[in-house]
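Read through the structure below, which is laid out as structure tokens, and then see the notes.
2 protein chains.
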Amino acid sequence: MIFIRKPIKYYYHYPAVVTVVVTKAEDRVNLMSVVWHTQLSSDPPLYGILISPKRFTHKLLKESKEFTLNFLEYEDYEIAAFVGRSSGRNVDKVSAFDIELSEGRLVDVPIISRAYAAYECETVDIRDYGDHTLFVGRILGVHYREDAFENHLPKVNTLLYLGSDTYTTVDTQERVKYGKEEVERFLKEWLGKNEYHP
Amino acid sequence: MIFIRKPIKYYYHYPAVVTVVVTKAEDRVNLMSVVWHTQLSSDPPLYGILISPKRFTHKLLKESKEFTLNFLEYEDYEIAAFVGRSSGRNVDKVSAFDIELSEGRLVDVPIISRAYAAYECETVDIRDYGDHTLFVGRILGVHYREDAFENHLPKVNTLLYLGSDTYTTVDTQERVKYGKEEVERFLKEWLGKNEYHP
Chain D
61 MIFIRKPIKY YYHYPAVVTV VVTKAEDRVN LMSVVWHTQL SSDPPLYGIL ISPKRFTHKL
121 LKESKEFTLN FLEYEDYEIA AFVGRSSGRN VDKVSAFDIE LSEGRLVDVP IISRAYAAYE
181 CETVDIRDYG DHTLFVGRIL GVHYREDAFE NHLPKVNTLL YLGSDTYTTV DTQERVKYGK
241 EEVERFLKEW LGKNEYHP
Chain P
61 MIFIRKPIKY YYHYPAVVTV VVTKAEDRVN LMSVVWHTQL SSDPPLYGIL ISPKRFTHKL
121 LKESKEFTLN FLEYEDYEIA AFVGRSSGRN VDKVSAFDIE LSEGRLVDVP IISRAYAAYE
181 CETVDIRDYG DHTLFVGRIL GVHYREDAFE NHLPKVNTLL YLGSDTYTTV DTQERVKYGK
241 EEVERFLKEW LGKNEYHP
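Protein sequence lines correspond, in order, to chains D and P.
Here the first sequence is numbered in the working numbering, starting from 61 and rising by one per residue.
Here the second sequence is numbered in the working numbering, starting from 61 and rising by one per residue.
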């Protein structure tokens, strides 16, 4: 194992699912792809995204208090690259990249029509962490394409980001279920053998 | 597209990379797998993990102020399931599941020897979001296995979680690079055709 102190550039925790953040302020719709994001809470349903203050989306998010998160398939990596590597300050991304949008149901911000899932969010907290800002969205509603899921688990070629402008996807042929039941069976055997008293 | 208001259970943004959080308090080492996590800042290097207050790890994290994050390959899904679906309150996971550990370099918390990458962190912020707590770690150092990366991009079968105790991995045969250069070429052509003045 190699060890580095005080890392600056590090992709060791990648890949990450790409989400495209859509914002709208003063009738201007903007899109930006983000790979630093996570669910924060189940109930209430909260989701966090990290945005650099340098980005145009940062300004729009501060103005509008609403956004949508859009999840794309691997085949749409160009959309993610387009909206990630250009700035809404210089170009109207929706028309330049010809991105089809659908209206939001509970927010005045659209979703990407090609997304297989999209979350409508209202901003409930904004907090700076180092060189980025955490925008916390309360999920008001979820859109999803029925054929993209099986027993609520995604079965599509989800778009993943590896770092350095490189994209990949999941191996849809490879999956395994291993949960509470299997773990309890293992522990019961182990406890029997070792006379362990928890 | 199907639309749901006020979702409670939703896996539409999965898969997510699994990270195993290792904690140590009063000479007791504990491990827990987590899929709600994200980088928060590049400089300083900050990383956030979400932990339910119900979990034993929550208590240990509040006591020790140090932890490590460990990234595993798909073949190690049993380790993730074991430490995710059992509680350190009832079982000593390290001995029960026979998990080999190596000493941390800058923190008094071990890393998992089989991990292909691991981050050593010190807790710099703790904040509740809904039913979970965000623990913010400053990354003090990074371990990585040289053969697991190529030009800093992971090339291993990263362990991904799909929801409902189901694991999958990346398609290591499939990757594409599409970045600033390609986007600028596209925009230049588009600008030429549309006489767009940003």
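For each residue, glycine too, the CB sits at the ideal point set by N, CA and C.
Under the DSSP assignment, Tyr107(P) falls outside any alpha helix (DSSP H), being part of the beta strand (DSSP E) whose first and last residues are Leu106 to Ile111. For Lys84(D), no alpha helix (DSSP H) run applies; the uninterrupted beta strand (DSSP E) run containing it begins and ends at Thr79 to Ala85, by DSSP.
For Gly239(P), no alpha helix (DSSP H) encloses it, and the DSSP letter there is neither H nor E. Here the stretch 156–170 of chain P lies against the stretch 70–86 of chain P, with 3 or more beta-carbon pairs under 8 Å apart.
When rounded, the separation of the alpha-carbon atoms in Phe116(D) and Ser146(D) is 10 Å. Distance from the Cα of Val89(D) is smallest, within the candidate group Val78(D), Tyr74(D) and Glu123(D), for Glu123(D). Distance from the Cα of Lys248(P) is smallest, within the candidate group Ala178(D), Val243(D) and Phe142(D), for Phe142(D).
Chain D has no Cβ within less than 8 Å of the Cβ of Met92(P). Going by DSSP, Leu220(P) is part of no alpha helix (DSSP H) but of the beta strand (DSSP E) stretching over Leu220 to Gly223. For the pair Ala175(P) and Arg165(P), the Cα-to-Cα distance works out to about 15 Å.
Closer than 8 Å at the C-beta level to chain D, one finds these residues of the stretch 70–90 of chain P: Tyr70, Tyr71, Tyr72, His73, Tyr74, Pro75, Ala76, Val77 and Thr79. Spanning the alpha carbons of Ser102(D) and Ile68(P) requires a straight line of approximately 6 Å. For Ser124(P), the enclosing alpha helix (DSSP H) covers residues Phe116 to Ser124.
One Cα belongs to Tyr179(D), the other to Gly252(D), and the distance between them is close to 47 Å. If you draw a 10 Å sphere on the C-beta of Ser224(P), you find fewer than 16 other C-beta atoms in it, and that means exposed. Put simply, the CB of Thr98(P) is near chain D, with a gap under 8 Å to one of its CB atoms.
Per DSSP, the continuous beta strand (DSSP E) segment holding Ser101(P) begins and ends at His97 to Ser101. Residue environment analysis places Asp136(D) among the buried positions, since at least 16 neighbouring C-beta atoms fall within 10 angstroms of its C-beta. Taking a cut-off of 8 Å on C-beta distances, the stretch 179–199 of chain D touches the stretch 123–134 of chain D, as three or more cross pairs fall below it.
Within the stretch 236–249 of chain D, contact with chain P at the beta-carbon level (separation under 9 Å) is assigned to Val236, Lys237, Tyr238, Gly239, Lys240, Glu241, Glu242, Val243, Glu244, Phe246 and Leu247.
Shortest Cα-Cα distance from Leu110(P) to any of Asn211(P), Val94(P) and Arg245(P) involves Val94(P). Neighbourhood of His212(D) in chain P, by CB distance below 9 Å: Lys69, Tyr70, Tyr71, Tyr72, Gly223 and Ser224, in chain order.
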